[in-house]
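> In my numbering, the protein residues as written are 2 to 317.
Backbone N, C-alpha and C define an ideal beta-carbon position, used for all residues, glycine too.
The structure is given below, and queries will be raised subsequently.
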């Protein structure tokens, strides 16, 4: 992996409730890194000889900046590396349309995570993954590419296709990709839209002072904006979820791993996941009376998330 130069970081609007707190977190320059699997925007806290490094893998469309409070919480205990996944947020796009995430195989994400851990080369690596990021971290571990304790926040083992049946959407996306239409937005999806994004927040978090933080960042910085899922992304997600479910059905141990489950998640069907987890050895599972975005939930939920992450870091 090669460091390509300084990258921008993106601040909240002046007067935002979290503006000063976020600005105080950044102590080193953001940078671009290029590897065999793609190019990323990366933030790493200062290298002060820490034995442990925690890598944070965001979810679909999410930027580094969304995780500023988690970085602030973990930094006294370890080095922290956060990155914008391939083709989204502040990372270079994979096509001409800056609002489309054109990724056709999740092996790119998995390979990139492996490259990042190898590049930083600390004595002990740990990974936090939310939603799509949790999916990537989990697959990377179960495929044997990384051997790191995981902290998984509603990892994407499946995903909602409402109002259409999952089987119908799976067949439709595969057909679109086969016809060369994979770069199109999926039916019902489109480019970045403020009102649509705002109305969809209720499905992500039930409430909290930072619930709108990604929207606030994208309103101020259009370069961060991405639209809805493309056909190729959905088709790739189905295939990768199939592979992940297969791996979870094996006789596995997940020592040092924590799995957070939101009981009101409208993005992932956690009821379908439960049977896959019941026989996994040494896995710690925590349930939340909350929506998908635990860090953006009401204060007590967000604080519980951070407390659990800190306890995991100290004990794993």
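Starting from the Cα of residue 132, find the closest Cα among 295, 168 and 121 and give me that residue.
Of the candidates 295, 168 and 121, the one whose C-alpha sits nearest the C-alpha of residue 132 is 295.
> In this structure, does DSSP put residue 40 in helix, strand or coil?
Here residue 40 sits in strand by DSSP.
> Return the bridge partner residues of residue 259 from the DSSP annotation.
Residue 259 is bridged to 152 and 285.
> Quick check: residue 232 and residue 123, are their CB atoms within less than 8 Å of each other?
Against a cut-off of 8 Å, the Cβ pair of residue 123 and residue 232 comes out as no contact.
> Which residues bound the alpha helix (DSSP H) around residue 176?
Run containing residue 176: 167 to 179, per the alpha helix (DSSP H) assignment.
> Here's the rule I'm using: 16 or more other beta-carbon atoms within 10 Å means buried, otherwise exposed. How should residue 44 be labelled?
With 16 or more other Cβ atoms within 10 Å, it is buried.
> Indicate the three-state DSSP secondary structure (helix, strand or coil) for residue 121 in the structure shown.
Helix.
> Just to confirm the assignment: which complete beta strand (DSSP E) runs, minimum length 3, are found wholly within the segment 48 to 94?
Listed in chain order, they are 53 to 58 and 80 to 85.
> When the Cα atoms are used, what is the spatial distance from residue 92 to residue 259?
C-alpha separation (whole angstroms): 28 Å.
> Since residue 254 and residue 282 should fall inside the 8 Å C-beta cutoff, what is the C-beta to C-beta distance between them, to a whole number of angstroms?
Indeed, because the Cβ distance is near 4 Å, the residues count as touching under 8 Å.
> Locate the beta strand (DSSP E) running through residue 141, then write down its first and last residues.
Per DSSP, residue 141 belongs to no beta strand (DSSP E); it is in the alpha helix (DSSP H), 133 to 143.
> Tell me the DSSP bridge mates of residue 318?
Residue 318 cannot be examined here, being either before or after the span of the chain that is shown, 2 to 317.
> Specify the secondary structure class of residue 126 as computed by DSSP and reduced to three states.
In the structure shown, residue 126 sits in a strand (DSSP, three-state: E or B).
> From this set, 26, 109, 243 and 183, which residue's C-alpha is nearest residue 65's C-alpha?
Answer by Cα proximity: 26.
> Tell me the residue span of the alpha helix (DSSP H) that contains residue 20.
Start and end: 20 to 24.
> Three or more C-beta pairs closer than 8 Å, one from the segment 66 to 86 and one from the segment 9 to 25: is that the case here?
Flag = yes, the segment 66 to 86 and the segment 9 to 25 touch.
> Here's a check: name, in chain order, each residue in its chain whose Cβ is nearer than 6 Å to the Cβ of residue 322, leaving out the five neighbours to either side.
In this structure the chain extends from 2 to 317, so residue 322 is not present and cannot be described.
> I need the straight-line Cα distance from residue 265 to residue 206, nearest angstrom please.
Using only the alpha carbons, I get a separation of about 9 Å.
> Within 10 angstroms of its Cβ, does residue 90 collect 16 or more other Cβ (buried), or is it exposed?
Result: buried.
> Contact between the segment 188 to 201 and the segment 30 to 42 is defined here as three or more beta-carbon pairs at a separation below 8 Å; is this criterion met?
With a cut-off of 8 Å, the segment 30 to 42 and the segment 188 to 201 do not count as touching, because too few Cβ pairs lie within range.
> Looking at the secondary structure, which residues open and close the alpha helix (DSSP H) in which residue 201 lies?
Residues 195 to 201.
> Just verifying my parser: in three-state terms, what is the DSSP assignment at residue 317?
Coil at residue 317, not helix or strand.
> What is the DSSP secondary structure of residue 230, counted as helix, strand or coil?
In this structure, residue 230 counts as coil in the three-state DSSP scheme.
> With residue 81 and residue 57 assumed to form a contact (beta carbons below 8 Å), what rounded beta-carbon distance in angstroms separates them?
Rounded, the Cβ-Cβ distance is 7 Å, consistent with contact.
> Of the residues 60, 99, 126 and 59, which one's Cα is nearest the Cα of residue 79?
Checking every option, the nearest Cα to that of residue 79 belongs to 126.
> Among 208, 227 and 239, which residue has its Cα nearest to the Cα of residue 171?
It is 239.
> Using a Cβ distance threshold of 8 Å, determine whether the segment 143 to 159 contacts the segment 109 to 122, with at least three qualifying pairs required.
Taking 8 Å as the limit for Cβ pairs, the verdict is that the segment 109 to 122 does touch the segment 143 to 159.
> Please name the residue, chosen from 51, 96 and 193, that lies closest to residue 75 on a Cα-to-Cα basis.
Of the listed residues, the one whose Cα sits closest to residue 75 is 51.
> Could you compute how far the alpha carbon of residue 252 sits from the alpha carbon of residue 280?
The alpha-carbon atoms of residue 252 and residue 280 are separated by roughly 8 Å.
> Among 246, 88 and 61, which has the Cα closest to the Cα of residue 104?
The candidate whose alpha carbon is nearest that of residue 104 is 88.
> In whole angstroms, what separates the C-alpha of residue 313 from that of residue 196?
Answer to the nearest angstrom: the Cα atoms are 38 Å apart.
> Residue 269 and residue 278: beta carbons closer than 8 Å?
In this structure, residue 278 does not lie closer than 8 Å to residue 269 by Cβ.
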